[in-house]
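The structure under discussion appears below in the form of structure tokens.
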Amino acid sequence: MKRWLLWPALALCAALLATCETAPPLPSADDGPRTRAIQVTSNGWHTAIVVPAPAVVATGLLPEAADFPDAAFLEFGWGDRTYYPAKEKTLGMTLSAALVPTPAVMHMAGHAAAPAGGSSRPEIVPVALTEAGFRNLVEAIAETFERPSGGRAEAVSPGLYPDSLFYHARGEFHLFNTCNTWTARMLRAGGVALSPSGIVTADGLTARLRTALAVE
């Protein structure tokens, strides 16, 4: 099978097999005003969540924010510990990431401004959360960091951008638990009525997210 056909085929299998999965419950109903603006970004392959840095720091839930003292916005993306940081992706890495449960990594980046559309970010979906929803989102993201000794997680390598770092993360990456599945789970923790079940690709995530936002 040609490499460019591999992921769509695997994604279809995952979607079919995941139809019987049950989505995690939504947090308790929150009718507060949706005053917290975040973004979900997609490069067509991988999705990430971008949040205002001062609001994250104010929660006191994510000490790793101190690694980006000058950032106005913080970006979070979760993925395979070998594949995600690699500068050159190989077919072997792709197959291993998809078919074998592997350790995960968290990519955290600092930005001076909110991401804008462009060739590297063809899709940006704005999401508005309540104050409680935002705190739940940050708490869910914070719980993804692997902290063997507690406290603040230590960066393990430089990230993909000039101001970014990788950290070891909790969970295992595989076809039924991709970076886009993670993004969906985080948004659901923040109160978005979005089921992560069956989400494999970035396009699948953003399409389902836009549908969920349209009916809120």
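Under this note's numbering, the residue at position 70 of the sequence shown is numbered 70, and the numbers go up by one with no gaps.
By construction, the Cβ of each residue, glycine as well, lies at the ideal position given by its N, Cα and C atoms.
{"Asked": "Which of helix, strand or coil does DSSP assign to Val56?", "Found": "helix"}
{"Asked": "When you compare the CB positions of Trp45 and Ala169, do they come within less than 9 angstroms of one another, or not?", "Found": "no"}
{"Asked": "Quick check on DSSP: helix, strand or coil for Arg170?", "Found": "strand"}
{"Asked": "What residue range is occupied by the uninterrupted beta strand (DSSP E) comprising Phe73?", "Found": "Phe73 to Asp80"}
{"Asked": "Could you tell me the boundaries of the beta strand (DSSP E) in which Val40 lies?", "Found": "Arg36 to Ser42"}
{"Asked": "Would a check of beta-carbon distances place Gly44 closer than 9 angstroms to chain B?", "Found": "No chain B appears in the structure shown, which is made up of a single protein chain."}
{"Asked": "Thinking just about the alpha-carbon of each residue, which of Val105, Arg36, Ala65 and Asp67 is nearest to the one in Thr178?", "Found": "Val105"}
{"Asked": "Compare the beta carbon distance of Leu129 and Ile199 with 9 angstroms and say whether it is the shorter of the two.", "Found": "no"}
{"Asked": "Please classify Val143: does DSSP put it in a helix, a strand, or coil?", "Found": "The amino acid at residue 143 is misidentified as Val; the sequence shows Glu. The answer is helix: DSSP assigns Glu143 an H, G or I state."}
{"Asked": "Enumerate in chain order the residues of its own chain whose CB-to-CB distance from Gly117 is below 7 angstroms, with the five nearest sequence positions on each side excluded.", "Found": "Ile124"}
{"Asked": "Three-state secondary structure (DSSP) at Leu16?", "Found": "Interpretation of Leu16 is limited by its pLDDT of 38, a score under 50 that renders its predicted location unreliable; no figure is taken from the coordinates."}
{"Asked": "Can you list, in chain order, the residues of its chain with a C-beta nearer than 6 angstroms to that of Gly171? Leave out the 5 residues immediately preceding and following it.", "Found": "Ala104"}
{"Asked": "Please check the pair Glu146 and Gly32, which I expect to be a contact at CB under 8 angstroms, by giving their CB distance rounded to whole angstroms.", "Found": "About 32 angstroms; that fails the 8 angstroms criterion."}
{"Asked": "If I measure Cβ to Cβ from Pro122 and keep anything under 8 angstroms in the same chain, skipping five residues before and after, which residues do I get?", "Found": "Ser42, Asn43 and Gly44"}
{"Asked": "Relative to the C-alpha of Phe166, which candidate in Phe68, Arg34 and Gly60 has its C-alpha closest?", "Found": "Phe68"}
{"Asked": "Can you tell me which of Ile49, Ala72 and Thr47 puts its alpha carbon nearest to the alpha carbon of Ala58?", "Found": "Ala72"}
{"Asked": "Of the choices Ala189, Ala212 and Ala202, whose alpha-carbon is the least far from that of Pro27?", "Found": "Ala189"}
{"Asked": "Does the Cβ of Glu216 have 16 or more other Cβ atoms within 10 Å, making it buried, or fewer, making it exposed?", "Found": "exposed"}
{"Asked": "According to the neighbour-count rule (16 or more other Cβ atoms, all chains shown, within 10 Å of its Cβ), is Asp80 buried or exposed?", "Found": "buried"}
{"Asked": "How long is the line joining the alpha carbons of His107 and Ala155, rounded to whole angstroms?", "Found": "10 angstroms"}
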